[in-house]
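Working notes, structure below.
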Amino acid sequence: MFKNIISFVCLAAVQLSGPFAFAQEDFRVLSETIDGIPPKEMMQEYLLGLIEREWDRWKRDYETRTTPESIAEYQKRLHDQFMDAIGGLPERTPLN
Numbered sequence: 025m026f027k028n029i030i031s032f033v034c035l036a037a038v039q040l041s042g043p044f045a046f047a048q049e050d051f052r053v054l055s056e057t058i059d060g061i062p063p064k065e066m067m068q069e070y071l072l073g074l075i076e077r078e079w080d081r082w083k084r085d086y087e088t089r090t091t092p093e094s095i096a097e098y099q100k101r102l103h104d105q106f107m108d109a110i111g112g113l114p115e116r117t118p119l120n
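Residues in the sequence shown are numbered consecutively from 25, following the working numbering.
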């Protein structure tokens, strides 16, 4: 019985020490920086770039809407896009 416990403890120690023995190696594939950006920040920089481009596009479109007619057309287009996205409104029925 005591021999089985010692065997189990030794086996557990070997299994637990395995990952730590290999933890010393560097398995990095990417370099320290890519285009001056650390790999950990790449997704954030990518998304911020998308945001900046869309913001510039929105601002350019916003500044072109100067007349009441162009603003009304923009509002109607947004309304139509929203209605398409939600599938329209339910049919009107009399209230009981």
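We put the CB at the ideal spot given by N, CA and C, even for glycine.
Endpoints, the alpha helix (DSSP H) within which residue i is located
| i | result |
| --- | --- |
| S64 | Per the sequence presented here, residue 64 reads as Lys, with Ser not at that position. Note, K64: premise wrong, no alpha helix (DSSP H); not H, not E. |
| D104 | 92–110 |
Nonlocal neighbours in the same chain, by C-beta distance under 8 Å from residue i, ignoring five residues either side
| i | result |
| --- | --- |
| M66 | I58 |
| E97 | none |
Proximal residues to residue i (C-beta, below 6 Å), its chain only, five neighbours per side dropped
| i | result |
| --- | --- |
| Q105 | none |
CB-CB length for residue i against residue j, believed under 8 Å
| i | j | result |
| --- | --- | --- |
| I95 | R89 | 5 Å |
| P63 | L74 | Contact flag wrong, Cβ pair sits at about 18 Å. |
Same chain, Cβ closer than 7 Å to residue i, neighbours up to 5 away in sequence not counted
| i | result |
| --- | --- |
| E69 | I61 |
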